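Engineer: What follows is a structure written as structure tokens; I'll ask about it next.
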Amino acid sequence: MIRVILISLVSIIFLTSCVNDKKDKLRVVTSNWIGYTPLFYAREKGLLDKLNIQLLSVVSLSESLHTYKSKHADVFLGTQYEYQETFKRDNQVVPIMLLNKSDGGDVVMSNLTLEEIKKEDKQIDVFLELSSVNYLVFEDFITKHNIKNKNFNYINKDQSFIAQQKEFKNPTIVISYNPYNITLEKNGLKTLETTKDNIEILIVDAMFTTNDILIKYKDELKELKKIIDIAIDDLEKDEKAYYDLIKDYLYDTSFEEFQQSLSNIKWINKNIDQNILDSLKEHNFPTKELL
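Every number in our numbering is 344 more than the matching position in the sequence shown, counting from 1.
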């Protein structure tokens with residue numbers, strides 16, 4: 345009888361230990377920016393399930409950041425701007441993976457020309473995601489063109505909402521990014537500047553988490569890095585097959601528009617240019633934890 349009880353106790357302790365050791369799903373939140381599509385590709389291929397990773401898809405950088413800050417995600421994707429905003433609240437947040445560099449993917453658009461903006465005396469509506477890199481892009485634009493003294497009416501909306509506006513009756517500036525800018529062009533806005541030609545700021549997209557999550561899920565994150573590298577390799581081999589798999593995430597973007605968007609980013613997931621790393625370090629963007 346005593347032997348039976350002892351065996352039962354050992355079994356309970358063993359089972360309890362197994363339950364405690366079992367990891368929760370690693371929750372990764374991302375917007376549908378063109379540079380994050382390797383994650384959607386991995387999801388559609390069923391590769392994330394094998395890693396016990398749950399991908400949360402939201403419509404904007406702002407919503408992605410909010411999801412992370414409200415502790416509904418363990419890992420988030422964003423630019424160095426979102427990283428810096430998060431780091432102010434939690435200095436344990438670190439970049440763990442670089443994905444791409446904007447090379448025209450972030451844009452300043454308007455229903456006015458630049459000269460018309462300079463001459464405009466009325467209030468100018470500015471649609472953007474205030475708590476994202478959109479704000480940095482706008483500040484760079486108005487500083488460079490010496491129009492900071494204009495009467496700007498900031499309208500803080502996510503890109504999905506902005507892209508649904510069929511017309512802009514008031515003088516308007518929109519800060520957007522691929523693929524939403526394609527819809528805005530169809531709705532009559534013109535591109536004034538992009539990160540490819542005139543905007544003089546480095547914008548990189550990366551994956552971020554805290555040190556404790558990195559330690560706990562390091563093996564899974566290393567495997568995720570390999571999967572993302574494979575997804576980008578598959579994209580470069582066959583853009584059409586890749587597009588067909590992830591097009592439902594792209595806000596009614598055609599294959600031709602998808603290809604156009606791809607030309608506006610540069611992948612930096614491997615063989616990262618030392619100049620980019622040096623520039624990031626100069627702007628307090630740590631790189632030592634990159635996988």
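Positions of the beta carbon are idealized from the N, C-alpha and C atoms, including for glycine. Nothing here was measured: the structure is a model prediction, and the numbers come from that model.
Whole angstroms are fine: how far does the CA of residue 465 sit from the CA of residue 416?
Structural biologist: Here residue 416 corresponds to residue number 72 of the sequence shown, with the count starting at 1. Here residue 465 corresponds to residue number 121 of the sequence shown, with the count starting at 1. Cα-Cα distance, rounded: 44 Å.
Engineer: Using a 10 Å radius around the Cβ and a threshold of 16 neighbouring Cβ atoms, would you call residue 539 buried or exposed?
Structural biologist: To locate residue 539, count along the sequence shown from 1; it is residue 195. Residue 539 is buried by the Cβ-count criterion.
Engineer: Kindly indicate which residue of 421, 450, 410, 448 has the alpha-carbon position closest to the one of residue 433.
Structural biologist: If you number the sequence shown from 1, residue 433 lands on position 89. It is 410 whose Cα lies nearest to the Cα of residue 433.
Engineer: Where does residue 576 fall in DSSP's three states?
Structural biologist: The sequence position of residue 576 within the sequence shown is 232, counting from 1. In the structure shown, residue 576 sits in a helix (DSSP, three-state: H, G or I).
Engineer: The beta strand (DSSP E) that contains residue 537, what's its start and end?
Structural biologist: Mapped onto the sequence shown, residue 537 falls at position 193. It spans 534-538 - the beta strand (DSSP E) in which residue 537 sits, taken as one unbroken run.
Engineer: Do you know whose CA, among 456, 419, 611, lies nearest residue 533's CA?
Structural biologist: As a working mapping, residue 533 is identified with position 189 in the sequence shown. When each option's Cα is compared against that of residue 533, the closest is 456.
Engineer: Between the stretch 502-512 and the stretch 576-588, can you find at least three pairs of beta-carbon atoms closer than 8 Å?
Structural biologist: At 8 Å Cβ cutoff, the stretches do not touch.
Engineer: What three-state label does DSSP hand residue 496 in the structure shown?
Structural biologist: Locating residue 496 in the sequence shown gives position 152, where the first residue counts as 1. Strand, per DSSP.
Engineer: In chain order, which alpha helix (DSSP H) runs of at least 4 residues are fully inside the stretch 448-478?
Structural biologist: Correct list: 458-463.
Engineer: Less than 7 Å between the beta carbons of residue 379 and residue 443, yes or no?
Structural biologist: By one-based count along the sequence shown, residue 379 stands at place 35. By one-based count along the sequence shown, residue 443 stands at place 99. Closer than 7 Å, so yes.
Engineer: Would DSSP call residue 550 helix, strand or coil?
Structural biologist: As a working mapping, residue 550 is identified with position 206 in the sequence shown. The answer is strand: DSSP assigns residue 550 an E or B state.
Engineer: Let me know if residue 587 comes out buried or exposed under the rule of 16 or more other beta-carbons within 10 Å of its beta-carbon.
Structural biologist: If you number the sequence shown from 1, residue 587 lands on position 243. By the 10 Å Cβ count, residue 587 comes out buried.
Engineer: Please tell me whether residue 406 and residue 473 are closer than 7 Å, where the distance is taken between their beta carbons.
Structural biologist: As a working mapping, residue 406 is identified with position 62 in the sequence shown. As a working mapping, residue 473 is identified with position 129 in the sequence shown. Yes.
Engineer: Quick one: any contact between the stretch 553-560 and the stretch 477-484, if contact means 3 or more CB pairs under 8 Å?
Structural biologist: No, because fewer than three Cβ pairs between the stretch 553-560 and the stretch 477-484 fall closer than 8 Å, the two stretches do not touch.
Engineer: Using the beta-carbon count (16 or more within 10 Å), is residue 445 buried or exposed?
Structural biologist: The residue labelled residue 445 in the question sits at position 101 within the sequence shown. Buried, since its Cβ has 16 or more Cβ neighbours within 10 Å.
Engineer: What's the C-alpha gap between residue 529 and residue 612?
Structural biologist: Position 185 of the sequence shown holds residue 529. Position 268 of the sequence shown holds residue 612. Distance between the alpha carbons of residue 529 and residue 612: 28 Å.
Engineer: Inspect the CB distances between the stretch 418-431 and the stretch 586-604 and report whether three or more fall short of 8 Å.
Structural biologist: The stretch 418-431 is not in contact with the stretch 586-604.
Engineer: Measure the Cβ-Cβ separation of residue 536 and residue 438 and say whether it is below 7 Å.
Structural biologist: Here the question's residue 536 lines up with position 192 in the sequence shown. Here the question's residue 438 lines up with position 94 in the sequence shown. Going by C-beta atoms, residue 536 is not nearer than 7 Å to residue 438.
Engineer: Tell me residue 609's beta-bridge partners as DSSP assigns them.
Structural biologist: On the sequence shown, residue 609 is found 265 positions in, with the first residue counted as 1. For residue 609, which the question treats as bridged, DSSP gives the partners 446.
Engineer: Can you name, in chain order, every residue of its own chain whose Cβ lies under 6 Å from the Cβ of residue 522, other than the five neighbours on each side?
Structural biologist: Translated into the one-based positions of the sequence shown, residue 522 becomes position 178. 378, 449, 605, 608, listed in sequence order.
Engineer: Residue range of the beta strand (DSSP E) that residue 643 falls in?
Structural biologist: In this structure the chain extends from 345 to 635, so residue 643 is not present and cannot be described.
Engineer: Can you give me the C-alpha to C-alpha distance between residue 526 and residue 507, rounded to a whole angstrom?
Structural biologist: One-based indexing of the sequence shown puts residue 526 at position 182. One-based indexing of the sequence shown puts residue 507 at position 163. Between residue 526 and residue 507, the C-alpha separation is close to 9 Å.
Engineer: Opposite residue 491 in the DSSP bridges: which residues?
Structural biologist: To locate residue 491, count along the sequence shown from 1; it is residue 147. Residue 491 is not bridged to any residue.
Engineer: Tell me whether residue 487 is buried or exposed, calling it buried when 16 or more other Cβ atoms sit within 10 Å of its Cβ.
Structural biologist: Position 143 of the sequence shown, counted from the first residue, corresponds to residue 487. That one is exposed.
Engineer: Going by other Cβ atoms of all chains shown within 10 Å of its Cβ, with 16 needed for buried, is residue 549 buried or exposed?
Structural biologist: Working through the sequence shown from its first residue, we reach residue 549 at position 205. Counting Cβ neighbours within 10 Å, residue 549 comes out buried, since at least 16 surround it.
Engineer: If I measure Cβ to Cβ from residue 347 and keep anything under 8 Å in the same chain, skipping five residues before and after, which residues do I get?
Structural biologist: Taking the first residue of the sequence shown as position 1, residue 347 is located at position 3. With a pLDDT of only 49 at residue 347, under the threshold of 50, the placement of this residue in the model should not be trusted, and no figure is reported.
Engineer: Is any heavy atom in the ligand HEM found nearer than 6 Å to the beta carbon of residue 431?
Structural biologist: The ligand HEM is absent from the structure shown, which contains no ligand whatsoever.
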